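Residue numbers in the sequence shown follow the numbering used here, run continuously in steps of one, and reach 398 at the last position. Here the structure is laid out as structure tokens; the discussion comes afterwards.
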Amino acid sequence: MEEKTPKFSILDLDSTLDISITRRIIAIGCLVFVGVWITEIGAGLITEFDAIGYPICIAALLFLIGLSYVSDRMDIVVRTGAFSVAAVYLILLNIWGSFQDINFENYYSAATAMQWLPLIYVIAFLFLRIREALIASAISYFSLLIGQYLALSHHLGFEQTWPLVTNLAIAHFCYVVVLWSIIKLRATTHEAQIRAKTMEKFALVDELTGIFNRRGLELNLDKLRSTWRKNPLPYTIFMIDIDHFKRINDQFGHLVGDEVLARVSAAINKHIRPEDVLGRWGGEEFMIITTRLDQTSAVGFAERLLNVIETLDLGHIGKVTASIGIANSDETETLKGVILKADQSLYKAKKSGRNQVVCSSSITPSDE
Numbered sequence: 031m032e033e034k035t036p037k038f039s040i041l042d043l044d045s046t047l048d049i050s051i052t053r054r055i056i057a058i059g060c061l062v063f064v065g066v067w068i069t070e071i072g073a074g075l076i077t078e079f080d081a082i083g084y085p086i087c088i089a090a091l092l093f094l095i096g097l098s099y100v101s102d103r104m105d106i107v108v109r110t111g112a113f114s115v116a117a118v119y120l121i122l123l124n125i126w127g128s129f130q131d132i133n134f135e136n137y138y139s140a141a142t143a144m145q146w147l148p149l150i151y152v153i154a155f156l157f158l159r160i161r162e163a164l165i166a167s168a169i170s171y172f173s174l175l176i177g178q179y180l181a182l183s184h185h186l187g188f189e190q191t192w193p194l195v196t197n198l199a200i201a202h203f204c205y206v207v208v209l210w211s212i213i214k215l216r217a218t219t220h221e222a223q224i225r226a227k228t229m230e231k232f233a234l235v236d237e238l239t240g241i242f243n244r245r246g247l248e249l250n251l252d253k254l255r256s257t258w259r260k261n262p263l264p265y266t267i268f269m270i271d272i273d274h275f276k277r278i279n280d281q282f283g284h285l286v287g288d289e290v291l292a293r294v295s296a297a298i299n300k301h302i303r304p305e306d307v308l309g310r311w312g313g314e315e316f317m318i319i320t321t322r323l324d325q326t327s328a329v330g331f332a333e334r335l336l337n338v339i340e341t342l343d344l345g346h347i348g349k350v351t352a353s354i355g356i357a358n359s360d361e362t363e364t365l366k367g368v369i370l371k372a373d374q375s376l377y378k379a380k381k382s383g384r385n386q387v388v389c390s391s392s393i394t395p396s397d398e
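Structure representation (structure tokens):
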């Protein structure tokens, strides 16, 4: 049962923002527009472009926030729309400012646009999938350069224009490269996390049966111990052993024995609760860790499992049975003690004729 580590392309890496965080960022963007708008009106520096642009951008962002509440499926539309609002506004503001005659008001507007321009690339990589972010950044980059060249050449000659545009091109290219490097690091970290999780799964899961192995069970037992110290809820340990398993291996071979282990574990797994933990303790022996089961319920549950195992259709192998030992946490003070009592109960079930359930409360000192 071979399992490969999932592969992914960095270009397909999506934004990690959920819709609620996207709303908050857009709302902050609205507040920024409002704050700058109020500041510039108070200082008498509002331009004709911004007098129209600010309310349009604020209205568009508020519309996107409202749209995000319609459905979570609108997430990509909202993120793309937010990027488009910011990019179109900043690029047009920058080009518009470069076309204007040089005075303090227009100089202030152009300088403001220049300082906010790199935000276009940040928003692209924040809101969009990497593939779309690169495309959007490229479109924004070349639109800005062409627009700036046309605007500056309106005032200056070629010899004065090209150094300015070249400087702008290099600076903005560096912004994109830095962001791309950060994304590459994020992608590397993401891939390492996937590999770590896969390796952890292999370390904790039994390859044959697909349930927890001994190490996985011990990890769950450690968690149970830690939880029990804080909140001592009752728990029960079931030890299950397939009867006469050696005979199956000797008569039919180990491959058939492996099939029996896989079928029995799958049958048990179908009949436990979602919060229960099933694992292979070793060989043909399984363990179930459950909580909130009294002794009567635990015995009834174990007897149902015996019936499930005995009625399995294993073809030419015939029927198999199992023995189950049960121990509850209220019978001893330590988890190790509960496991020991469950093991003793299992031993008594095997010794008493197999295909039966024995609870640790029925064990006498002579059985230990």
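Every residue, glycine too, gets a C-beta built ideally from N, C-alpha and C. In this text the structure is predicted, and so the values were computed from the model without any measurement.
* Kindly indicate the opening and closing residues of the alpha helix (DSSP H) around Thr257. => Within the sequence shown, residue 257 is the residue found at index 227, counting from 1. Unbroken alpha helix (DSSP H) run through Thr257: 244 to 260.
* Go ahead and label Ile68 buried or exposed: buried means 16 or more other beta carbons lie within 10 angstroms of its beta carbon, across all protein chains shown. => Position 38 of the sequence shown, counted from the first residue, corresponds to residue 68. With fewer than 16 Cβ atoms within 10 Å of its Cβ, Ile68 is classed as exposed.
* Identify the continuous alpha helix (DSSP H) that holds Asp288 and give its terminal residues. => Residue 288 sits at position 258 when you count from the first residue of the sequence shown. Per DSSP, Asp288 belongs to the alpha helix (DSSP H) from 284 to 300.
* Asked: Quick one: Cα of Lys260 to Cα of Asp280, how far?
  -> Residue numbering aside, residue 260 sits at position 230 when the sequence shown is read from its first letter. Residue numbering aside, residue 280 sits at position 250 when the sequence shown is read from its first letter. Each residue's Cα considered, the two are about 48 Å apart.
* Can you tell me which of the three DSSP states Asn279 falls into? => By 1-based counting over the sequence shown, the position of residue 279 is 249. Helix, per DSSP.
* Separation of Leu335 from Ile153, as counted between CA atoms -> Taking the sequence shown and counting its residues from 1, the one referred to as residue 153 is at position 123. Taking the sequence shown and counting its residues from 1, the one referred to as residue 335 is at position 305. Spanning the two alpha carbons is a distance of roughly 56 Å.
* Three-state secondary structure (DSSP) of Ile318 -> Position 288 of the sequence shown, counted from the start, is the residue given in the question as residue 318. In the structure shown, Ile318 sits in a strand (DSSP, three-state: E or B).
* If you run the structure through DSSP and keep just helix, strand and coil, what is Arg310? -> Within the sequence shown, the letter at position 280 stands for residue 310. Three-state result, Arg310: strand.
* Measuring CA to CA, which of Val206, Leu147, Gly127, Val195 is closest to Ile165? -> Your numbering for residue 165 matches position 135 in the sequence shown. Per the Cα distances, Val206.
* Residue range of the beta strand (DSSP E) that includes Thr266 -> Mapped onto the sequence shown, residue 266 falls at position 236. Taken as a continuous stretch (DSSP letters only), the beta strand (DSSP E) holding Thr266 covers 265 to 272.
* To do: Please list the segments of the alpha helix (DSSP H) lying wholly inside the stretch 139 to 180, counting only runs of 4 or more residues, in order along the chain.
  => 149 to 157
* To do: Please determine if the stretch 350 to 363 and the stretch 257 to 272 are in contact, where contact requires at least 3 C-beta pairs separated by less than 8 Å.
  => yes
* Between Glu315 and the rest of its own chain, which residues show a CB-CB distance below 6 Å, the 5 nearest in sequence each way excluded? -> As a first step, residue 315 is located in the sequence shown; it is residue number 285 there, counting from the start. Correct list, in chain order: Asp271.
* **Buried/exposed call for Leu416, threshold 16 Cβ in 10 Å** => Absent from the model: residue 416. The displayed extent of the chain is 31 to 398, so no value can be given.
* **Residue nearest to Leu182 in terms of C-alpha spacing, selected from Leu323, Leu198, Thr362** => By one-based count along the sequence shown, residue 182 stands at place 152. Out of Leu323, Leu198, Thr362, Leu198 has the C-alpha closest to the C-alpha of Leu182.
* Asked: Tyr84 to Gln178, Cα distance in whole Å?
  -> On the sequence shown, position 54 is the one that residue 84 refers to. On the sequence shown, position 148 is the one that residue 178 refers to. One C-alpha to the other measures close to 21 Å.
* To do: Report the three-state DSSP secondary structure of Ile241 (helix, strand or coil).
  => The count along the sequence shown starts at 1 and reaches residue 241 at position 211. In the structure shown, Ile241 sits in coil (DSSP, three-state: anything other than H, G, I, E or B).
* **alpha helix (DSSP H) segment containing Asn124, residue limits** => The sequence position of residue 124 within the sequence shown is 94, counting from 1. First-last of the alpha helix (DSSP H) with Asn124: 105 to 129.
* Asked: Do Arg245 and Ala233 have their C-beta atoms closer together than 8 Å?
  -> The sequence position of residue 245 within the sequence shown is 215, counting from 1. The sequence position of residue 233 within the sequence shown is 203, counting from 1. For Arg245 and Ala233, yes; Cβs fall inside 8 Å.
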